[in-house]
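Protein chains in written order, with the numbering used here: chain A, 147 to 297; chain B, -18 to 61.
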Amino acid sequence: MKCETKYWGQLDYTEDSVIDFPAGIPGFEQEQRFILVEQQALDPLVFLQSLATPALCFLALHARVVCPDYRFRMSDEDLEVLGLPGARQPPIGPELACLTLIHLDEQDITANLLAPIVIHIPARRGTQAILAGTDYSHQHRIDLVEAPVCS
Amino acid sequence: MLMMKRRAGESILIGDDIEIHLAHIGRTRVKVGIQAPRNIPVVAKEVKLVRDENRAAAESHLDGALARLVARVPANRKST
């Protein structure tokens, strides 16, 4: 199948590469289907391209690129959306991707560590988990000169 | 900011139409019931922060050389 994208014109994708966000994400509740686009030359950038809206393509990084010891606890509701019911908190790894959305403006580059995009890869389901009881910021500044430091 | 002391089971009124009821007070969390007119959205503050931040992030624009680089590099969809 083909979809229109923000940066690459038409792009081929397969149905099994689509990630479902059953509740959308806050502010974009209608956007429930995304594909991840990664380019070796732009590593570690990840693009989250909406299938419904070509102009909507979030820029993201794996959370541990921004903050190497990033840890989080998801709510039961988020675990259920991901198809991971039960009390166990799954670790970030090959089955669970944890991305942070990047906000670029003229002054700053910030990462939203308060609300990571968590993707359960085998189920192809994603959610934006809003963390409770954490000091992570929704506008964590990324300093490009020095190595990223966690606040 | 107005501060009030209330016990579990008690309520606070904001105007005539909004009632905040302290349903349960636990060790680290309180359970709050909120009655408000339908046209007044009620969300946890973090949800609004994240919604506003997502909208701002969606406007992030790669421009100039970076945008040209992104467009030139063949895109590999990750099949993970």
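Backbone N, C-alpha and C fix where the C-beta goes; we use that ideal spot for every residue, glycine too.
| Item | Value |
| --- | --- |
| For E81(B), the three-state DSSP class (helix, strand or coil) | Nothing in the structure corresponds to residue 81(B), since chain B is present only between -18 and 61. |
| Run of the alpha helix (DSSP H) containing G45(B), from where it starts to where it stops | 45 to 53 |
| H284(A) beta carbon near the ligand MN (any heavy atom closer than 7 angstroms) | The model on display carries no ligand, and the ligand MN is accordingly not part of it. |
| Of the listed residues L(-17)(B), R19(B), M(-16)(B), K26(B), nearest to D(-2)(B) (C-alpha basis) | R19(B) |
| Nonlocal neighbours in the same chain, by C-beta distance under 7 angstroms from A269(A), ignoring five residues either side | L228, G229 |
| Residues bridged to F218(A) (per DSSP) | The partner list for F218(A) (beta bridge, DSSP) is empty, contrary to what the question assumes. |
| Selection from V192(A), N258(A), A275(A) that minimises the alpha carbon distance to Q235(A) | A275(A) |
| Sub-8 angstroms separation of A38(B) and I248(A) beta-carbons | yes |
| Within chain A, partners of V28(B) - CB distance below 8 angstroms | P172, I276 |
| Where R32(B) meets chain A, residues with beta-carbon distance less than 7 angstroms | P172, G173 |
| Bounding residues of the alpha helix (DSSP H) (the contiguous stretch that carries R210(A)) | 209 to 212 |
| Opening and closing residue of the beta strand (DSSP E) in which V183(A) lies | 179 to 184 |
| Alpha-carbon spacing of W154(A) relative to V51(B), whole angstroms | 8 angstroms |
| Contact check, R287(A) vs D166(A), beta carbons under 8 angstroms | no |
| Through-space distance from A278(A) to A257(A), alpha-carbon basis | 17 angstroms |
| Nonlocal neighbours in the same chain, by C-beta distance under 6 angstroms from G(-4)(B), ignoring five residues either side | none |
| L245(A) vs L207(A) beta-carbon contact at 8 angstroms | yes |
| Nearest to I238(A) (by Cα), restricted to the options I171(A), D158(A), M220(A) | M220(A) |
| Anticipated Cβ contact below 8 angstroms, Q16(B) with E0(B), distance rounded | 4 angstroms |
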